[in-house]
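Presented below is the structure to which this report refers.
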Amino acid sequence: MTEETQTEVPPEEAETQIQTVAPGPPRGTGRRKESVARVRLVEGTGKYVLNGRSLDEYFPSRSHRMLVTSPLRLAGRDKDFDVIALLDGGGVAGQAGALRHGIARALVSIDPTLRPALKAEGFLTRDAREKERRKYGLKKARKAPQYSKR
Numbered sequence: 012m013t014e015e016t017q018t019e020v021p022p023e024e025a026e027t028q029i030q031t032v033a034p035g036p037p038r039g040t041g042r043r044k045e046s047v048a049r050v051r052l053v054e055g056t057g058k059y060v061l062n063g064r065s066l067d068e069y070f071p072s073r074s075h076r077m078l079v080t081s082p083l084r085l086a087g088r089d090k091d092f093d094v095i096a097l098l099d100g101g102g103v104a105g106q107a108g109a110l111r112h113g114i115a116r117a118l119v120s121i122d123p124t125l126r127p128a129l130k131a132e133g134f135l136t137r138d139a140r141e142k143e144r145r146k147y148g149l150k151k152a153r154k155a156p157q158y159s160k161r
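This is the structure we're talking about:
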């Protein structure tokens, strides 16, 4: 009686070893200050749809448009994908930073080889700077009322 040893993996462990990718277009969530950007990248021609508006319409400032498009330009894929995003909260600058962060994360989910280049430029790092809270007795976070000696 000889017993053969099998090195078969139990089905429970086999399922945990497989990494699953979410179905549908690649997604990325970006955050900056109070802003949140939920981004989808779809095969296309480089069109931007931000809350139902175009890039030029949503960000009239050229500097904000350059900030938003920088991850795709760095990857050389700016004409390969259409960007569909829902932006919420914060102001214009915060939303531009959040959108850049979300696009970079979505790009990494498409092509993990882009991660080192995007990381080196700082596109994958969440900018954690937030507005400081106001303290009692002060006018703003640090601005005190004018001192009067008499």
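The sequence shown begins at 12 in the working numbering and counts up by one.
Just so you know, even glycine gets a beta-carbon here, dropped at the ideal spot from N, CA and C.
For residue i, is the classification buried or exposed, using 16 other Cβ atoms within 10 angstroms of its Cβ as the cut-off for buried?
i: V47; result: buried
i: I157; result: One point to set straight first is that residue 157 is Gln, not Ile, in the sequence displayed. Its Cβ having fewer than 16 others within 10 Å, Q157 is exposed.
i: Y69; result: buried
i: L149; result: exposed
i: G39; result: buried
To the nearest whole angstrom, what separates the beta carbons of residue i and residue j, a pair I think is in contact under 8 Å?
i: L118; j: L129; result: 7 Å
i: P37; j: S120; result: 5 Å
i: G113; j: K44; result: Their Cβ separation, rounded to whole angstroms, is 14 Å, which puts G113 and K44 out of contact at 8 Å.
i: F134; j: A115; result: 4 Å
i: R42; j: R137; result: 6 Å
Excluding sequence positions up to five away, which residues of its chain have a Cβ less than 8 Å from the Cβ of residue i?
i: K151; result: R145
What's the gap between the Cα of residue i and the Cα of residue j?
i: I95; j: R51; result: 5 Å
i: S74; j: P123; result: 28 Å
i: K90; j: E141; result: 33 Å
i: A86; j: L125; result: 7 Å
i: G100; j: L61; result: 13 Å
i: R84; j: G57; result: 11 Å
i: R49; j: A155; result: 39 Å
i: Y59; j: Y147; result: 44 Å
i: L97; j: S159; result: 50 Å
i: A131; j: G63; result: 32 Å
i: R71; j: V103; result: For clarity, residue 71 is Pro in the given sequence; the question names Arg instead. Looking at the two C-alpha atoms, the distance is approximately 10 Å.
Keeping to the same chain, check which residues put their C-beta closer than 6 Å to that of residue i; ignore five residues upstream and five downstream.
i: R153; result: none
i: L78; result: A107, R111
Kindly list the residues whose CB is nearer than 7 Å to the CB of residue i, restricted to its own chain and excluding five residues on each side of it in sequence; keep chain order.
i: Q30; result: Only weak support is given to the placement of Q30: the predicted model assigns it a pLDDT of 48, under 50, and the question is left unresolved by the model.
i: P82; result: R111, I114, A115, L118, L129, F134
i: S65; result: Y59
i: G55; result: F92, D93
Exercise for the section: Counting only runs of 4+ residues fully inside the segment 30–93, write out the alpha helix (DSSP H) ranges in chain order. Expected result: Complete alpha helix (DSSP H) runs here, min 4: 66–69, 73–86.
Handout entry: Length at least 3, wholly inside the segment 84–141: the beta strand (DSSP E) runs in chain order
Key = If only uninterrupted beta strand (DSSP E) runs of at least 3 residues are considered, those enclosed by the segment 84–141 are 92–99.
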